[in-house]
Amino acid sequence: MPHLPENVKPVDEIGEIKINQVVIGSCTNGRLEDLNIAAGILKGRKVHPDVRCIIIPGSQEIYKEAIRCKWIDIFIDAGCVVSCPTCGPCLGGYMGILSAGERCVSTTNRNFRGRMGHVDSEVYLAGPYVAASSAVLGKIGVI
Amino acid sequence: MKLEGKVWRYGDNIDTDVIIPARYLNTFDPAELAKHCMVDIDETFAQNVKAGDIMVGGKNFGCGSSREHAPVAIKASGIPVIIAASFARIFYRNGINIGLPLLEIGDDVEKISANDILKIDTDTGTIENLTTGDIFRAHPLPPFVQGIAQAGGLINYIKEHGALNS
Numbered sequence: 040m041p042h043l044p045e046n047v048k049p050v051d052e053i054g055e056i057k058i059n060q061v062v063i064g065s066c067t068n069g070r071l072e073d074l075n076i077a078a079g080i081l082k083g084r085k086v087h088p089d090v091r092c093i094i095i096p097g098s099q100e101i102y103k104e105a106i107r108c109k110w111i112d113i114f115i116d117a118g119c120v121v122s123c124p125t126c127g128p129c130l131g132g133y134m135g136i137l138s139a140g141e142r143c144v145s146t147t148n149r150n151f152r153g154r155m156g157h158v159d160s161e162v163y164l165a166g167p168y169v170a171a172s173s174a175v176l177g178k179i180g181v182i
Numbered sequence: 319m320k321l322e323g324k325v326w327r328y329g330d331n332i333d334t335d336v337i338i339p340a341r342y343l344n345t346f347d348p349a350e351l352a353k354h355c356m357v358d359i360d361e362t363f364a365q366n367v368k369a370g371d372i373m374v375g376g377k378n379f380g381c382g383s384s385r386e387h388a389p390v391a392i393k394a395s396g397i398p399v400i401i402a403a404s405f406a407r408i409f410y411r412n413g414i415n416i417g418l419p420l421l422e423i424g425d426d427v428e429k430i431s432a433n434d435i436l437k438i439d440t441d442t443g444t445i446e447n448l449t450t451g452d453i454f455r456a457h458p459l460p461p462f463v464q465g466i467a468q469a470g471g472l473i474n475y476i477k478e479h480g481a482l483n484s
């Protein structure tokens, strides 16, 4: 929960929180097992029309393996944007910078005030299962 | 190093994203970084801080990313020392590397308020609150850290001494 990584709540206790963006991957949770979990959720489903979903494999090797496993096809077919492995939205550098009032579910590791963009945006840290589910639902939750 | 200055007081978990937001990380010019220091939690700081003022925070000061820009921005603002209940470890090491002394005083930090005047001896770790009369003891900086601070940072120290432990 914003704006501190140690503010932790179970997903079924947070109520209805609509979101604008989901980031899955990065150096923190961009392993093959993470992308596999996300692909399992997103296979045959679509990202909610109000949500931008950005996928960032943790390394070039993971990226290549995810292509071989057809997970990248699943992500693109679901309406996600797939990036090369890189820094970017995690620290509000580029790609998916949050504007005032926007909320993001992210599998990255920091959610301090203003971390991913505007000082009045919010970052909710989660694992890939919750993140991918939330991308489909348009709000924080699990499928 | 003996210092005296007015306190800018902040709370717990002051993270590197508020010390210097990532949108200003496209430069390493200390003066430019100082213009945006603390802006996301205190818009008055960068414009009103005076050289010699002292920054005081709560627990876990400097948590977050490893960006060295964070202590650089604070130092370039004119702050010669930071006092906190505790520091995040990467920020602490970055502070040493750039020659910014950091003093930990635990719960005693609660006895320091905004605009108090502090008198500090970084060699002994003695902190006197001239406004309240309280005296605190921080762990003094180890001699090699004092040397790095006096040289203005690790790079300057190596230039002067040729190696860290000479």
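Top line first, the protein sequences correspond to chains A and B.
With positions in the first sequence counted from 1, the corresponding number in the numbering used here is that position plus 39.
With positions in the second sequence counted from 1, the corresponding number in the numbering used here is that position plus 318.
Idealized CB from N, CA, C, for every residue including glycine.
Treat the numbers as computed from the prediction; the structure is a model and nothing was measured.
Annotated three-state conformation of Glu-446(B) is strand, per DSSP. By the 16-neighbour rule on beta-carbons within 10 angstroms, Val-181(A) is exposed.
Within chain A, the residues whose beta carbon sits less than 7 Å from that of Asn-331(B) are Leu-43, listed in sequence order. In the structure shown, the three-state DSSP call for Ser-173(A) is helix. In terms of beta-carbon proximity, Val-374(B) stays away from the interface with chain A, with every pair separated by 8 Å or more. The three-state reading of DSSP puts Ala-402(B) in strand, counting E and B together. A residue is called buried when at least 16 other Cβ atoms come within 10 angstroms of its Cβ; Ala-432(B) does not meet this threshold and is exposed. Relative to Lys-320(B), the option among Thr-440(B), Ile-453(B), Asn-483(B) and Gly-471(B) whose CA is nearest is Thr-440(B). Taking CB atoms only, Val-62(A) has no neighbour in chain B less than 8 Å away. Note on geometry: alpha-carbon atoms of Pro-419(B) and Gly-323(B) lie some 14 Å from one another. Contact annotation, Leu-43(A) with Asn-331(B): C-beta distance approximately 6 Å; criterion of less than 8 Å satisfied.
Unbroken beta strand (DSSP E) runs of no fewer than 3 residues, entirely contained in the segment 60 to 139 of chain A, are found at 60 to 64 and 91 to 95, following chain order. Using a Cβ distance threshold of 8 Å, Val-357(B) and Ala-349(B) do not count as a contacting pair. Checking the DSSP bridge columns, you'll see Lys-57(A) partnered with Lys-178(A).
In the three-state reduction of the DSSP assignment, Leu-482(B) falls in the coil class, being assigned neither a helical nor a strand state.
Val-47(A) sits in coil when the DSSP states are folded into three classes, being neither helix nor strand.
Contact annotation: in the segment 353 to 377 of chain B, residues whose CB is within less than 8 Å of a CB in chain A are Asp-358 and Ile-359.
Residues are counted here when their Cβ sits less than 7 Å from a Cβ of chain B; for the segment 141 to 163 of chain A these are Arg-149, Phe-151, Arg-152, Gly-153, Arg-154 and Val-158, given in chain order. Taken in chain order, the whole alpha helix (DSSP H) runs of length 4 or more contained in the segment 359 to 445 of chain B are 363 to 366, 387 to 394 and 407 to 416. Between the segment 385 to 393 of chain B and the segment 149 to 158 of chain A there are fewer than three inter-stretch CB-CB distances shorter than 8 Å, so the stretches are not counted as touching. When Cβ-Cβ separations below 8 Å define contact, Asp-335(B) makes contact with chain A. By the rule that beta-carbons nearer than 8 Å mark a contact, Leu-137(A) does not touch chain B. Under the Cβ distance rule, Gly-54(A) does not count among the residues neighbouring chain B, no pair being separated by less than 8 Å. For Arg-341(B), the three-state secondary structure derived from DSSP is helix.
In the DSSP annotation of this structure, the continuous segment of the beta strand (DSSP E) that includes Gly-323(B) starts and ends at 320 to 327. At a cut-off of 8 Å between beta carbons, Gly-180(A) makes no contact with chain B.
Under the three-pair Cβ rule at 8 Å, the segment 401 to 408 of chain B counts as touching the segment 372 to 379 of chain B. For Glu-52(A), no alpha helix (DSSP H) encloses it, and the DSSP letter there is neither H nor E.
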